[in-house]
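Data block below; observations after.
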Amino acid sequence: MLTYLVKRILGMIPTLLGITLLSFFIIHLAPGKPTDVMTEMNPKITPEAREKLEKYYGLDKPIYVQYGMWLKRIVKMDFGESFSTDRRPVIEKIWDTKQKLIDRRLFITFFINLLSMFFIFIIAIPIGIFSATHQHSMFDNISTVFWFIGFAMPSFWFALLLMMFFGIYLDWLPISGFKSMNYESLTLPGQIWDRTRHLILPVFVSSFGGVAGYSRYMRSSMLEVIRQDYITTARAKGLSERTVIYKHALRNSLLTIITLLGLSVPGLIGGSVIFENIFSIPGMGQLFYMSVMTRDYPLVLCILTITAILTLVGNLMADIGYMFADPRIRAK
Amino acid sequence: MNIFWKRFKQNRLATAGGVMVLLLFIVAAFAPLISPFDPNEIDRNSILEPPSEVHILGTDDLGRDVFSRMIFGSWISLAVGFVAVGIATFIGIIFGALSGYYGGWTDRIIMRFVDIMLSIPTLFLILAVIAFIGPSIWNIMIIIGLTSWMGVARLVRAEFLSLKEREFILAAKAMGAGDMRIIFSHIMPNSMSPVFISAVLGVAAAILLESALSFLGLGIQPPTPSWGNILTLGKDNIEIAWWLSVFPGLAILFTVLAYNLVGEGLRDALDPRLWQRGR
Amino acid sequence: MKRVIFLLLIVIIGFIGAGCKGKAGQGPAAKGAVTTELESSDGEPAYGDALIEGSIGEPSILIPMLASDSASHSVAGQVFNGLVKYDTDLSITGDLAESWDISPDGLIITFHLRKGVKWTDGIEFTADDLMFGYKTIIDEKTPTPNKEDYLQVKKAEVLDKYTFRVTYEKPFAPALASWGNAVVLPKHLLEGKDITKIDFARNPIGMGPYIFKRWTSGQEVVLDSNKDYFEGRPYIDRYVYKIIPDSATMFLGLQAGDVDMMGLTPIQYTKQTNTKFFKENFQKFRYPMPSYTYMGFNLKHPFFKDKRVRQAIAHAIDKNEIVDVVLFGLGSSATGPYVPNTWYYNPDVKDYEHNPALAKELLKEAGWEDTDGDGLVDKEGQPFEFTILTNMGNSLRNNTATIIQWRLAKIGIKVQIRLLEWSTFINEFIDKRRFQAVILGWSLGFEPDQYDIWHSGKTGEKELNFVSYNNAEVDSLLEAGRRTFNMAERKKAYYRIQEILADELPYIFLYVPNATPIVHSRFKGIKPTPIGISYNFHKWYVPKKMQRHSMMEQ
Chain A
16 MLTYLVKRIL GMIPTLLGIT LLSFFIIHLA PGKPTDVMTE MNPKITPEAR
66 EKLEKYYGLD KPIYVQYGMW LKRIVKMDFG ESFSTDRRPV IEKIWDTKQK
116 LIDRRLFITF FINLLSMFFI FIIAIPIGIF SATHQHSMFD NISTVFWFIG
166 FAMPSFWFAL LLMMFFGIYL DWLPISGFKS MNYESLTLPG QIWDRTRHLI
216 LPVFVSSFGG VAGYSRYMRS SMLEVIRQDY ITTARAKGLS ERTVIYKHAL
266 RNSLLTIITL LGLSVPGLIG GSVIFENIFS IPGMGQLFYM SVMTRDYPLV
316 LCILTITAIL TLVGNLMADI GYMFADPRIR AK
Chain B
954 MNIFWKRFKQ NRLATAGGVM VLLLFIVAAF APLISPFDPN EIDRNSILEP
1004 PSEVHILGTD DLGRDVFSRM IFGSWISLAV GFVAVGIATF IGIIFGALSG
1054 YYGGWTDRII MRFVDIMLSI PTLFLILAVI AFIGPSIWNI MIIIGLTSWM
1104 GVARLVRAEF LSLKEREFIL AAKAMGAGDM RIIFSHIMPN SMSPVFISAV
1154 LGVAAAILLE SALSFLGLGI QPPTPSWGNI LTLGKDNIEI AWWLSVFPGL
1204 AILFTVLAYN LVGEGLRDAL DPRLWQRGR
Chain C
3 MKRVIFLLLI VIIGFIGAGC KGKAGQGPAA KGAVTTELES SDGEPAYGDA
53 LIEGSIGEPS ILIPMLASDS ASHSVAGQVF NGLVKYDTDL SITGDLAESW
103 DISPDGLIIT FHLRKGVKWT DGIEFTADDL MFGYKTIIDE KTPTPNKEDY
153 LQVKKAEVLD KYTFRVTYEK PFAPALASWG NAVVLPKHLL EGKDITKIDF
203 ARNPIGMGPY IFKRWTSGQE VVLDSNKDYF EGRPYIDRYV YKIIPDSATM
253 FLGLQAGDVD MMGLTPIQYT KQTNTKFFKE NFQKFRYPMP SYTYMGFNLK
303 HPFFKDKRVR QAIAHAIDKN EIVDVVLFGL GSSATGPYVP NTWYYNPDVK
353 DYEHNPALAK ELLKEAGWED TDGDGLVDKE GQPFEFTILT NMGNSLRNNT
403 ATIIQWRLAK IGIKVQIRLL EWSTFINEFI DKRRFQAVIL GWSLGFEPDQ
453 YDIWHSGKTG EKELNFVSYN NAEVDSLLEA GRRTFNMAER KKAYYRIQEI
503 LADELPYIFL YVPNATPIVH SRFKGIKPTP IGISYNFHKW YVPKKMQRHS
553 MMEQ
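Residue numbers (the working numbering), protein chains in the order written: chain A, 16 to 347; chain B, 954 to 1232; chain C, 3 to 556.
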């Protein structure tokens, strides 16, 4: 099992390298020297800053040397300085050690995505199982409709509708930010409640599509498994339907879902740009959007690389989950 | 082919989807004839009017008719959807074919590249590229195309892997047919149906993506009407003009739904396993 | 909120939210002010509570002399004071300077500084700090757009701890007003340091009514009241400048109680704030702002060299339509570079009525005619097609551009609109002259001197005459206007400039918007005047029983 894990992690290295190569390619996307674009398009760049940038990318050296140099810094998590006026190292903008953990951008995005994934998992799976075991029932049909709509629903539109209904019409939930203005003066339970209220709509929006999709995958994977011979055998042995479904069928269909969930990480993180923007949540997605708008290239590339790494970690977690669920791998 | 049509038509949902898609095509093609107003006609006397008999879907903050703008917006959605998917399918087929046919290192490198592309969140990748090259309708189409070919590549590769060992291919090889000939005239035509399905579903995904980009202000630039940027106005006026949010959103929802229904219908109709099982 | 009023500073305004805020109004202003009457039964002034102002833009730097955007000035203006400021009747009154003497020829100004003013770190403010600030601003290494006025000074001297004298080479009419900009810097903290590199710009120490507390990037800047402020301790204990990048979200925050004050957009002012809820909880204000929005042409571009083409475009556009649609009537159409109700505003200049037929005729005279029947006018085989640039995030300008585009299409001119991120727009397109036409705005003080904008010697890179306007008569009038203290002569010069500009149309002057701030009604003591509402921010208060935020956190 350990060797499998080590092999798996080693296998990630070429992908990781590829990601950095792709990011590097994007920097060189624009014609001319990359720093030309950066400095010319960005007024806040003084000549010294420009020189610094050129040194940073080693522009007088051959391209592979440039890549090597850049890679070395990235490994040390040095992504350079932001182009915005505060000129802070970009990594500090994403992970500001001066702030509380819960207010750091990367943490906020990570936390919301984790919550969404959790909800997708605990909601989609029961729906899927129930649909599969009650195929063609009313519930199954409704969940099919739900699936089609969930798949076709633009998440930003859904967010707008929820804001209109819960935020404005009913006035139940806050529709922007990650904490209230008076947060600091609240008691601890009050603070937790305040955060929770701010999280409800964003988490709901970001897990909605996932719930629709995964309940469907779960259903079909369950149906597939139920048709297998060993399930028929189990039934023939006289095991109760409960045992058959939850002990034998469920475990096997979970395998598929875990793999798929790992693959869904990039989609989820990608969605953060949208909902963090709509709900004004100070996470990494919002920062990314702002950096794109202001052409803060070091920040754009830093976040791009970090999301890719997050995705890989997500995939790895899925693999580990798979390992625990699959007795064949566990045995090894 | 006949069985296929029969099966497709039996699927009521898919048929409904097909009709909706057809309708959209007609609307987009005859936009100037259908729309009651010039989509860019500004009217100082009808700013932000709710739906009425004159403006059936209301007006926006410049007094322009939302219905007319949505009709013209449907053309943008279609164009972006089709061009982007065209690009994605083309790249996907080439990479998939090379990968599946040659195997070995070619396969490993291409598949690794696919993994890399898949591990960067698409929206982040697209926005990063837009930061460097700027938004325009052509850039949007191209970028969406360039970032959504991976699924097709995997599909084509799988088809190639299973087809290249079949007798008729081996026979063609034995007769001395060149690689290119085998790829393009023998394997390719036989592996196209799943590609076609994924292209139909891809159009839906591209339309969603375009609307999200336009909504963020990094897609189709106003005043060119697109559903996404009408929704941006909806967000800006969320408290006073619900019609600016509701209708374009519904349009996107139903369009995407229609393509998905057609795609699913095609999949069911083309999947021989499902025929045997008789569902 | 800009407490220090920038007397002479010309700021290119980017965002409505920022542009609307705390800018001084003028004229018999506030005549349109929709205020709830302040009643004496509101309760006694009391210390405490906090005011949260929403802003679209984030400050970039908190040293007033280095900042060129209005968000930075709003915050820095609470931390620093100038030597002089505008009184509510637009006359100049003392701020850090208690009084001043001007020599009969107007060339020498001697400032007598207020005694006992302390920097918030406890060190006394003296003429040395003033000298230090002055030297910093004229230093060529200091990157500031506000240098020009101080370069007119021939000699500056510190006579004693509280006396500062400046001598001008030539008469300079805007001289006194220019000392209203915050030129003072704490010498004891900054001497010998590179002002662009130090932490001070993000953690400033001043002597103004508020003390800098913290700045969380992308979120908020927090200031606490200066209990030793020389004009008395401000009543409101805390001022929070909250950054919310879009005005719809900000408006929701206003209703939720997260924001106490913001600049309303015209739609919000006219359509969204007339409910019972708003009438009970908020006070709205409306007054003209000394700023205007225009469409500027690149006069070096072959299309726009011909005056008749510019006049044709003016006739094709309906300014009143723009005011109605874009501003919801909250403003007036502009005819020149000055706003109405100032002593230098010429009410009798030529205006261009909406007349597409005349516009077409003028185009034809200039050689533009639709010869190939494609609906676009052309000349020598080239169709008339151009791009208007403006900045992102300003729906007013974007909408204005859209209306112009639509109107010009009707006379056979095709217009593209390109929205650019603010800093890219200014630095890459305006400064490098890479544009055909732009929509922008100028935020002005109450001084008619617009030498920097119209003089033909100010067309260099980064200089403000970016349309490359060149008219010898205007040049000499501008010079005449700033070199005399005789009001009648100045008035004559500026009247004539307006006539010429109205005829030549280097810009099409579009509209003068109103400022439309809204403040929560628990804040009392707000008195709208020609210079706006925020000039007396330190006197605003919330009666004890209405206070909302307690300052538990320190």
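Note that beta-carbon positions come from the ideal geometry of N, C-alpha and C, so glycine has one too.
Residues bridged to residue i [DSSP beta-bridge criterion]
i                       : result
residue 97 of chain C   : Bridge partners of residue 97 of chain C: none, in fact.
residue 522 of chain C  : C/284
residue 534 of chain C  : C/531
residue 485 of chain C  : Residue 485 of chain C is not bridged to any residue.
residue 130 of chain C  : According to DSSP, which records beta bridges pairwise, residue 130 of chain C is partnered with nothing at all.
residue 375 of chain C  : Residue 375 of chain C pairs with nothing; no bridge assigned.
residue 165 of chain C  : C/114 and C/162
residue 131 of chain A  : None, per the DSSP bridge assignment.
residue 55 of chain C   : C/243 and C/263
residue 1082 of chain B : DSSP, once it has assigned bridges, lists no residue as partnering residue 1082 of chain B.
residue 516 of chain C  : C/290
For residue i, the nearest candidate out of the options (CA to CA)
i                       : options                       : result
residue 164 of chain C  : C/135, C/197 and C/128        : C/128
residue 162 of chain C  : C/150, C/113 and C/382        : C/113
residue 999 of chain B  : C/452, C/330, C/450 and C/497 : C/330
residue 489 of chain C  : C/449, C/430 and C/472        : C/449
residue 347 of chain C  : C/338, C/211 and C/525        : C/338
residue 898 of chain B  : B/1103, B/1042 and B/1146     : Nothing can be reported for residue 898 of chain B: it is not among the residues displayed for chain B, which extend from 954 to 1232.
residue 422 of chain C  : C/436, C/413, C/409 and C/410 : C/436
residue 143 of chain C  : C/217, C/279, C/68 and C/154  : C/68
residue 184 of chain C  : C/167, C/398, C/135 and C/232 : C/135
residue 298 of chain C  : C/115, C/447, C/455 and C/53  : C/455
residue 522 of chain C  : C/124, C/155, C/255 and C/73  : C/255
residue 128 of chain A  : A/322, A/199, A/283 and A/307 : A/283
residue 468 of chain C  : C/274, C/248 and C/430        : C/430
residue 1006 of chain B : B/989, B/997 and B/996        : B/989
residue 1186 of chain B : C/401, C/59, C/351 and C/505  : C/401
8 Å contact criterion, which residue i and residue j should meet: CB distance rounded
i                       : j                       : result
residue 138 of chain C  : residue 197 of chain C  : 6 Å
residue 235 of chain C  : residue 244 of chain C  : Contact flag wrong, Cβ pair sits at about 23 Å.
residue 214 of chain C  : residue 520 of chain C  : Between residue 520 of chain C and residue 214 of chain C the Cβ distance is about 26 Å, and since that is not below 8 Å, they are no contact.
residue 1048 of chain B : residue 1063 of chain B : 5 Å
residue 189 of chain C  : residue 169 of chain C  : Not really, about 21 Å apart at Cβ, beyond 8 Å.
residue 286 of chain C  : residue 275 of chain C  : 6 Å
Practice item. Counting only runs of 4+ residues fully inside the segment 1002 to 1066 of chain B, write out the alpha helix (DSSP H) ranges in chain order. Key: The segment 1002 to 1066 of chain B contains these whole alpha helix (DSSP H) runs: 1019 to 1055.
Exercise for review: Kindly confirm or deny that the segment 1075 to 1089 of chain B and the segment 1002 to 1019 of chain B touch, where touching means at least three C-beta pairs closer than 8 Å.
Suggested key: They do not touch, by the three-pair rule.
**Study point:** Ordered list of alpha helix (DSSP H) runs contained in the segment 253 to 298 of chain C, each at least 4 residues
**Key:** Annotation: the segment 253 to 298 of chain C contains the following complete segments of the alpha helix (DSSP H) (minimum length 4 residues), in chain order: 278 to 283.
Exercise for review: Note down, one range per segment and in chain order, each alpha helix (DSSP H) of at least 4 residues found wholly within the segment 210 to 263 of chain A.
Suggested key: For the segment 210 to 263 of chain A, whole alpha helix (DSSP H) runs of length 4 or above, ordered along the chain, are 244 to 251.
Point to revise | Length-filtered (4 minimum) alpha helix (DSSP H) runs lying within the segment 1131 to 1210 of chain B | key: Qualifying alpha helix (DSSP H) stretches, in chain order: 1145 to 1168 and 1180 to 1189.
Review point. Would you call the segment 499 to 518 of chain C and the segment 204 to 218 of chain C in contact, with 3 or more CB pairs under 8 Å?
Key: Short answer: they don't touch.
**Study point:** At least three beta-carbon pairs within less than 8 Å, the segment 220 to 228 of chain A to the segment 286 to 301 of chain A
**Key:** For the pair of segments examined, the segment 220 to 228 of chain A was found to touch the segment 286 to 301 of chain A: the number of CB pairs separated by less than 8 Å reaches three.
Practice item. Count the CB pairs spanning the segment 1146 to 1157 of chain B and the segment 1052 to 1061 of chain B that are closer than 8 Å, and state whether there are at least three. Key: Counting Cβ pairs under 8 Å, fewer than three are found: no touch.
Check your understanding: Is there contact here, the segment 396 to 414 of chain C with the segment 302 to 322 of chain C, by at least three beta-carbon pairs under 8 Å?
Key -> Yes: at least three Cβ pairs fall under 8 Å.
**Study point:** Entirely enclosed alpha helix (DSSP H) segments - the segment 167 to 221 of chain C, minimum 4 residues
**Key:** Within the segment 167 to 221 of chain C, the complete alpha helix (DSSP H) runs of at least 4 residues are 177 to 180 and 189 to 192.
**Study point:** contact_flag[the segment 150 to 159 of chain C, the segment 85 to 102 of chain C] where n(CB pairs < 8 Å) is 3 or more
**Key:** Contact between the segment 150 to 159 of chain C and the segment 85 to 102 of chain C is absent, with fewer than three C-beta pairs closer than 8 Å.
Check your understanding: Using 8 Å as the threshold, is the segment 227 to 244 of chain A in touch with the segment 257 to 269 of chain A, meaning 3 or more CB pairs across them?
Key -> Flag = yes, the segment 227 to 244 of chain A and the segment 257 to 269 of chain A touch.
**Study point:** Complete runs of the alpha helix (DSSP H) confined to the segment 377 to 435 of chain C [at least 4 residues]
**Key:** Here the runs fully enclosed are 397 to 411.
Check your understanding: Considering only residues of the segment 440 to 494 of chain C, which uninterrupted alpha helix (DSSP H) runs meet the minimum length of 4 residues and lie entirely inside it, listed in chain order?
Key -> Scanning the segment 440 to 494 of chain C for uninterrupted alpha helix (DSSP H) segments of 4 residues or longer gives 453 to 456 and 474 to 484, listed from N- to C-terminal end.
Exercise for review: Say whether the segment 961 to 979 of chain B touches the segment 299 to 308 of chain A, bearing in mind that this needs 3 or more beta-carbon pairs closer than 8 Å, one atom from each stretch.
Suggested key: With a cut-off of 8 Å, the segment 299 to 308 of chain A and the segment 961 to 979 of chain B do not count as touching, because too few Cβ pairs lie within range.
Check your understanding: Should the segment 179 to 199 of chain A be regarded as contacting the segment 1169 to 1181 of chain B, the criterion being three or more beta carbon pairs within less than 8 Å?
Key -> In short, these stretches do not touch, since the Cβ pair count stays below three.
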